[in-house]
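J.: Submitted below is the structure of interest, expressed as structure tokens.
There are 2 protein chains.
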Amino acid sequence: MSPIKPQNLKGFKDVLPAEMLFRDNVISHIKKVFESYGFAPLNTPALEYKEILLGYGDEAGKQIYLFEEPEGNQVGLRFDLTVPLSRVIAQYHDLPRPFKRYQVQPVWRYDKPDPGRFREFIQFDIDTIGTTSMMADTEIIAAMHESLSGLRLPHKIRFSNRKILNSLIMFAGIPETMGRHVFRILDKLEKQGLASVKLELGPGRVDESGDPIPGLGLKPPQIAKIEEFLGLPQRTRQEGLDSAANLFKDTPGAETGIREVAEIHEYLTALEIPDDKVIIDLSIARGLDYYTGPVFEAVLVDDRGGRVGSVMGGGRYDQLIGQFTGRPEPATGASIGVDRLVSAMQLLQDIQPRPSTADVLVTVMMPERIAEYARIAGRLRREGINAELYMGGEKSIGKQLQYADRQMIPVAVIAGSNEFDAGEVSIKDLDKIRREKIEIKDRKEWVKRKVGQVTVPLADLAVEVKSMLRAGGGTNLPSDH
Amino acid sequence: MSPIKPQNLKGFKDVLPAEMLFRDNVISHIKKVFESYGFAPLNTPALEYKEILLGYGDEAGKQIYLFEEPEGNQVGLRFDLTVPLSRVIAQYHDLPRPFKRYQVQPVWRYDKPDPGRFREFIQFDIDTIGTTSMMADTEIIAAMHESLSGLRLPHKIRFSNRKILNSLIMFAGIPETMGRHVFRILDKLEKQGLASVKLELGPGRVDESGDPIPGLGLKPPQIAKIEEFLGLPQRTRQEGLDSAANLFKDTPGAETGIREVAEIHEYLTALEIPDDKVIIDLSIARGLDYYTGPVFEAVLVDDRGGRVGSVMGGGRYDQLIGQFTGRPEPATGASIGVDRLVSAMQLLQDIQPRPSTADVLVTVMMPERIAEYARIAGRLRREGINAELYMGGEKSIGKQLQYADRQMIPVAVIAGSNEFDAGEVSIKDLDKIRREKIEIKDRKEWVKRKVGQVTVPLADLAVEVKSMLRAGGGTNLPSDH
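Sequences listed follow chains X and H, in order.
Oh and the first sequence: position 22 is 26 in the numbering used here, straight run, nothing missing.
Oh and the second sequence: position 392 is 396 in the numbering used here, straight run, nothing missing.
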């Protein structure tokens, strides 16, 4: 029989060790921040009943993997983490309120696969259920800011409030039912610019390919009022607030939205979240129809403050879960795009992730004495150092060191009969050698010259290795502080 | 419209926060041990092509969720992690050898759901691909022993070798083709006892319900030889080895199996793995047909050494991956049953897992000053203490403390206008109060008496809380050592 062709389904990918290690680190960093606010993890099954996945909506646009399981039930793979959360809230009557949960699991969408767009991807959702307090929204914004700061990612978090946009609709004299169409167009502001947005609000425009894009048909005075709103000064959170309050001073009902934004500003200040990282941006609408109050998004920015890409988005959705539970359940939450965050980090910080968990490769010069090498590796592990014993097919130490290089293992231990007799080991600081880009022309010569190599008594091995690892920084050791 | 009934599919379950936190801790502990040996993580997609899932076998017995996806491809949910690993090995030509990977992901099996038996469950697989060295098998056994020791779980790990069982077949004069049937029956030894096993090897028996179980039809001298083998003394690893070597001294080809067991014993000794925890048990066969050499299993034991249940099983399978790659790929590995491990731990250690990540609940006596309470929580978080700010609907501090009790939060912070004016906070050691089972008859009276409560300057808050948490042990703080 011919071998089966090994391949992934279109739109699906394996995550190999280097990327997994990097991604796991990012995820556990963010988890830790949210746990410090009292969020706790939840997992739900991959499969749900079809009727739960579809809710009261229709199938269109949701691109769910649906099928009939052997017992004849219509089931599907979850396409987000909000629907399973809503089901959990409705199903377990003794969950606390607020219920603060995070959930990190894959979701599946039968989407057009593009480069960088997958049909299976990890979603990291954070939600607080059961409180109308703006403190809940604030905590999610604050924890997201702390997460990105901890990952050393230059970012801005922008927030606004759907109620302020509703006031804009009233202020501009636009019928309420047209609001969602206006918001959809406003969401394009950053990408397309003001001129294009104004055309789409008004008569329509022609795109680059010559296709006509119909306009909303708003009148020039209405568009002028929207433009006035978009031009409001908001260099600090306080200025944004004052501008909005001034603009809407005669618009009935505008106080609620402004007060909610003001509360979040006050709480952010109490949590010492700086004004230049978490800002008010009155123009953001966030696509989803179900938002009812605060909306927020995190974007990574480059050196000049330019937008690299959105890595988190969310908002308050006080009406959604009630559809499942039959009683009101205020809620606010956000989704983090883990895959996008990970690729942005590797790009922005020029990181080549290590494919190995090992701090040390214990090489094997004399295979017949492998138990003694294992003993050395065991000694390192008991000191908290990740030590891999070489088990590949290469006999030469040079080749074994090449394996360490490929795996980006920072330190190698070498021992031959001289060392064994003397109760010593040689330690090679591979990371230092790589950092100093020592030119290696003749590997044999190099091994002989013992570049970056020290020989120490076995008893000093762990201490010496730890000091090399700390100097290099490329270590899995717990940090000193 | 009536609300949708919130429910899980039969055989599927949600993992709520208390169990998730506990499970995540167990998983990350085991990960850390395997990483110390140089194992690195891999993830693969939930969906695979049907032909990959079925391999060269047939559908029968594999109980895979298969369906046609919208593009018309036959696909299925993975039912184990060995098939995806084999695909990965065949698909990526630049993976190192050995390739040491762990993989912790759910698998799906359309099985008869039983209490405690689920159709979706987490599997934790560890495998080393590309080396025939017995050191690879040894490392998996050793790391598993370390993992269970670290979790303070009384356990035994037993190992043997398929080649020794093959020698037994020859020694007992049984045709080679009957070997797998003999092994299948030997696997029942611990559960059913020797008498029952002998009947199944011979004429057959009648089970409790009166149903006949056909026998293999071996002759009494053959069964006697098997019994002689099963009775071999093996109180220490060395004794087990010596017994087997003595029994099979005239059996052609028996040396290889014995030498492999001896090698693992030697390496375990080098790694300082004690003789009473990792033992030779010549009777174990481990069901799967594809094992070719060492086999091993971990069982939890009770105070008297009685078996509680198997939590890990594995072995060497040098022929399996070659079916995918078309070239030989020696391999050895094990699967850990995470769910079983987690329930056994909770049972054996009488643990009631905490549903909360918070070390401290900052109560809110004066809702109008919530920003000040948020400031206190922020101060604690910056000191590495997980602090939840109360956001529930209860106004009374007594009720807020009940919330902390339900969530098993160990410490509460209380501040009213007196404390605010004096720059102080009150701290309540809820964990201590619970430990000392202080009888609370009148909650108001209790709050007034300030049991287990100290009042300190705000500047001393974190230090005081840390000392309470350390005394209680119920903390998420990094340990001191």
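The beta carbon of each residue, even a glycine, is placed where N, CA and C say it ideally should be.
Can you round the beta-carbon distance between Lys432 (chain X) and Gln457 (chain X) to whole angstroms, since I take them to be within the 8 angstroms contact cut?
T.: In the first sequence, residue 432 (chain X) corresponds to position 428, counting from 1. In the first sequence, residue 457 (chain X) corresponds to position 453, counting from 1. Right, the Cβ-Cβ distance comes to about 5 angstroms (below 8 angstroms), so this counts as a contact.
J.: List the residues of chain H that Met369 (chain X) touches, going by C-beta distances under 7 angstroms, in chain order.
T.: In the first sequence, counting from the first residue as 1, residue 369 (chain X) sits at position 365. Simply none; closest approach about 15 angstroms.
J.: Under a CB-based cut-off of 8 angstroms, is Lys17 (chain X) close to chain H?
T.: The residue you call residue 17 (chain X) lines up with position 13 of the first sequence. Lys17 (chain X) counts as touching chain H.
J.: Looking only at C-alpha atoms, which of X:Asn390, X:Arg386, X:Ile288, X:Gly42 sits nearest to Ile130 (chain X)?
T.: Within the first sequence, numbered from 1, the residue matching residue 130 (chain X) stands at position 126. Minimum Cα distance to Ile130 (chain X) is reached at X:Gly42.
J.: Does the CB of Thr181 (chain H) have a neighbour CB from chain X at under 8 angstroms?
T.: As a first step, residue 181 (chain H) is located in the second sequence; it is residue number 177 there, counting from the start. Thr181 (chain H) does not count as touching chain X.
J.: Measure the alpha-carbon distance for Pro4 (chain X) versus Phe83 (chain X) and round it to whole angstroms.
T.: In the structure as shown, chain X starts at 5 and stops at 485, and residue 4 (chain X) therefore has no counterpart that could be examined.
J.: Once DSSP output is grouped into helix, strand and coil, what is the label at Met24 (chain X)?
T.: Residue 24 (chain X) sits at position 20 when you count from the first residue of the first sequence. Residue state, collapsed to three classes: helix.
J.: Please return the same chain residues whose Cβ sits closer than 7 angstroms to the Cβ of Arg113 (chain X), not counting the five positions on each side in sequence.
T.: Sequence index remark: in the first sequence, residue 113 (chain X) carries index 109 (1-based). Within the same chain, Arg113 (chain X) has close Cβ partners Gln67, Phe83, Arg123.
J.: Taking 7 angstroms as the limit between beta carbons, can you name the residues of its chain near Lys17 (chain X), skipping five residues before and five after?
T.: On the first sequence, position 13 is the one that residue 17 (chain X) refers to. Answer for Lys17 (chain X): Phe122, listed in chain order.
J.: Have a look at Asp484 (chain H) and Arg373 (chain H) and give me their C-alpha separation to the nearest angstrom.
T.: As a working mapping, residue 484 (chain H) is identified with position 480 in the second sequence. As a working mapping, residue 373 (chain H) is identified with position 369 in the second sequence. In this prediction, Asp484 (chain H) scores a pLDDT of 37, lower than 50, which makes its location untrustworthy; the coordinate-derived value is nonetheless stated afterwards. Distance between the alpha carbons of Asp484 (chain H) and Arg373 (chain H): 36 angstroms.
J.: What is the DSSP secondary structure of Asn390 (chain X), reduced to helix, strand or coil?
T.: Taking the first sequence and counting its residues from 1, one reaches residue 390 (chain X) at position 386. The answer is coil: DSSP assigns Asn390 (chain X) none of H, G, I, E or B.
J.: Could you compute how far the alpha carbon of Met369 (chain H) sits from the alpha carbon of Leu352 (chain H)?
T.: Taking the first residue of the second sequence as position 1, residue 369 (chain H) is located at position 365. Taking the first residue of the second sequence as position 1, residue 352 (chain H) is located at position 348. Computed Cα separation, rounded: 41 angstroms.
J.: Which of the three DSSP states is assigned to Val342 (chain H) in this structure?
T.: Position 338 of the second sequence, counting from 1, holds the residue named residue 342 (chain H). Note: Val342 (chain H) maps to helix in three-state DSSP.
J.: Please work out which residues of its chain come closer than 8 angstroms, Cβ to Cβ, to Ala348 (chain X), disregarding the five sequence neighbours upstream and downstream, and give them in chain order.
T.: Translated into positions along the first sequence, residue 348 (chain X) becomes position 344. Here the set comprises Leu157, Leu304, Val312, Gly313, Val315.
J.: Can you confirm whether Asp118 (chain X), when its beta carbon is compared against all beta carbons of chain H, has any partner nearer than 8 angstroms?
T.: Along the first sequence, read from residue 1 onward, the residue named residue 118 (chain X) stands at position 114. No, because no Cβ of chain H sits closer than 8 angstroms to the Cβ of Asp118 (chain X).
J.: Can we say the stretch 45-61 of chain X touches the stretch 31-48 of chain H, given the rule of at least three CB pairs closer than 8 angstroms?
T.: Because the criterion of three Cβ pairs below 8 angstroms is not met, the stretch 45-61 of chain X and the stretch 31-48 of chain H do not touch.
J.: Any beta carbon of chain H sitting closer than 8 angstroms to that of Ile56 (chain X)?
T.: Against the first sequence, residue 56 (chain X) aligns to sequence position 52. Output row for Ile56 (chain X): interface = yes.
J.: Report yes or no: do three or more beta-carbon pairs, one from the stretch 238-246 of chain H and one from the stretch 264-271 of chain H, lie closer than 8 angstroms?
T.: Yes: at least three Cβ pairs fall under 8 angstroms.
J.: Kindly indicate the opening and closing residues of the beta strand (DSSP E) around Glu52 (chain X).
T.: By one-based count along the first sequence, residue 52 (chain X) stands at place 48. Run containing Glu52 (chain X): 51-53, per the beta strand (DSSP E) assignment.
J.: How about Phe252 (chain X) and Leu286 (chain X): do their beta carbons lie closer than 8 angstroms?
T.: To locate residue 252 (chain X), count along the first sequence from 1; it is residue 248. To locate residue 286 (chain X), count along the first sequence from 1; it is residue 282. Cβ distance not < 8 angstroms, so Phe252 (chain X) and Leu286 (chain X) don't count as in contact.
J.: Are any of the Cβ atoms in chain H nearer than 8 angstroms to that of Asn12 (chain X)?
T.: As a position in the first sequence, residue 12 (chain X) is number 8, starting the count at 1. Yes, Asn12 (chain X) lies at the interface with chain H (some Cβ there is under 8 angstroms from its Cβ).
J.: With a Cβ-Cβ cutoff of 8 angstroms, do Gly261 (chain H) and Arg290 (chain H) count as a contact?
T.: Working through the second sequence from its first residue, we reach residue 261 (chain H) at position 257. Working through the second sequence from its first residue, we reach residue 290 (chain H) at position 286. It is not a contact, given that the beta carbons lie outside the stated cut-off.
J.: Curious, which full-length alpha helix (DSSP H) runs of at least 4 residues does the stretch 222-271 of chain X contain?
T.: DSSP runs (the alpha helix (DSSP H)) wholly in the stretch 222-271 of chain X: 224-234, 241-251.
J.: Would a check of beta-carbon distances place Val415 (chain X) closer than 8 angstroms to chain H?
T.: The residue given as residue 415 (chain X) occupies position 411 in the first sequence. Answer no: the Cβ-Cβ gap between Val415 (chain X) and chain H never drops below 8 angstroms.
J.: Taking the alpha helix (DSSP H) that Tyr106 (chain X) falls in, what are its first and last residues?
T.: Sequence index remark: in the first sequence, residue 106 (chain X) carries index 102 (1-based). Unbroken run through Tyr106 (chain X) is the beta strand (DSSP E), 103-112; no alpha helix (DSSP H).
J.: Using three-state DSSP, classify Ala176 (chain X) as helix, strand or coil.
T.: Taking the first residue of the first sequence as 1, we reach residue 176 (chain X) at position 172. Three-state DSSP puts Ala176 (chain X) in coil, outside helix and strand.
J.: Tell me the residue span of the beta strand (DSSP E) that contains Met412 (chain X).
T.: Taking the first sequence and counting its residues from 1, the one referred to as residue 412 (chain X) is at position 408. Here Met412 (chain X) belongs to no beta strand (DSSP E), and DSSP marks it neither H nor E.
J.: Can you tell me where the alpha helix (DSSP H) with Gly476 (chain H) in it begins and where it stops?
T.: Stepping through the second sequence from its first residue, residue 476 (chain H) is reached at position 472. Per DSSP, Gly476 (chain H) belongs to the alpha helix (DSSP H) from 465-476.
J.: Could you tell me which uninterrupted alpha helix (DSSP H) segments, each at least 4 residues in length, are contained entirely in the stretch 137-182 of chain H, listed from first to last along the chain?
T.: DSSP runs (the alpha helix (DSSP H)) wholly in the stretch 137-182 of chain H: 138-154, 166-175.
J.: Ala50 (chain H) touches chain X at which residues, Cβ-Cβ below 9 angstroms?
T.: By 1-based counting over the second sequence, the position of residue 50 (chain H) is 46. The answer, in chain order, is Phe16, Ala50, Leu81, Pro110, Trp112, Glu124.
J.: Would you call the stretch 384-400 of chain H and the stretch 132-143 of chain X in contact, with 3 or more CB pairs under 8 angstroms?
T.: Yes: the two stretches touch, three or more of their Cβ pairs being nearer than 8 angstroms.
J.: Under 8 angstroms between beta-carbons, which chain H residues line up against Gly73 (chain X)? List them in chain order, please.
T.: Working through the first sequence from its first residue, we reach residue 73 (chain X) at position 69. It should be pointed out that residue 73 (chain X) corresponds to Glu in this sequence rather than to Gly. Under the 8 angstroms cutoff, chain H gives Leu13, Tyr69, Tyr114.
J.: CB-CB under 6 angstroms to Arg474 (chain H), same chain, minus the five flanking residues each way: which ones, in chain order?
T.: The residue you call residue 474 (chain H) lines up with position 470 of the second sequence. Closer than 6 angstroms at the Cβ level, and outside the excluded window around Arg474 (chain H), lies no residue.
J.: Could you pull out every residue in the same chain whose Cβ sits closer than 6 angstroms to the Cβ of Ser200 (chain X), ignoring the five residues on either side in sequence?
T.: In the first sequence, counting from the first residue as 1, residue 200 (chain X) sits at position 196. Correct list: empty, nothing qualifies.
J.: By the criterion of Cβ-Cβ separation under 9 angstroms, what are the contact partners of Phe163 (chain X) in chain H?
T.: Within the first sequence, residue 163 (chain X) is the residue found at index 159, counting from 1. Result: empty, since nearest Cβ-Cβ is about 16 angstroms, beyond 9 angstroms.
J.: Can you have a look at Lys116 (chain X) and say buried or exposed, based on whether 16 or more other CB atoms are within 10 angstroms of its CB?
T.: In the first sequence, residue 116 (chain X) corresponds to position 112, counting from 1. Flag for Lys116 (chain X) reads exposed.
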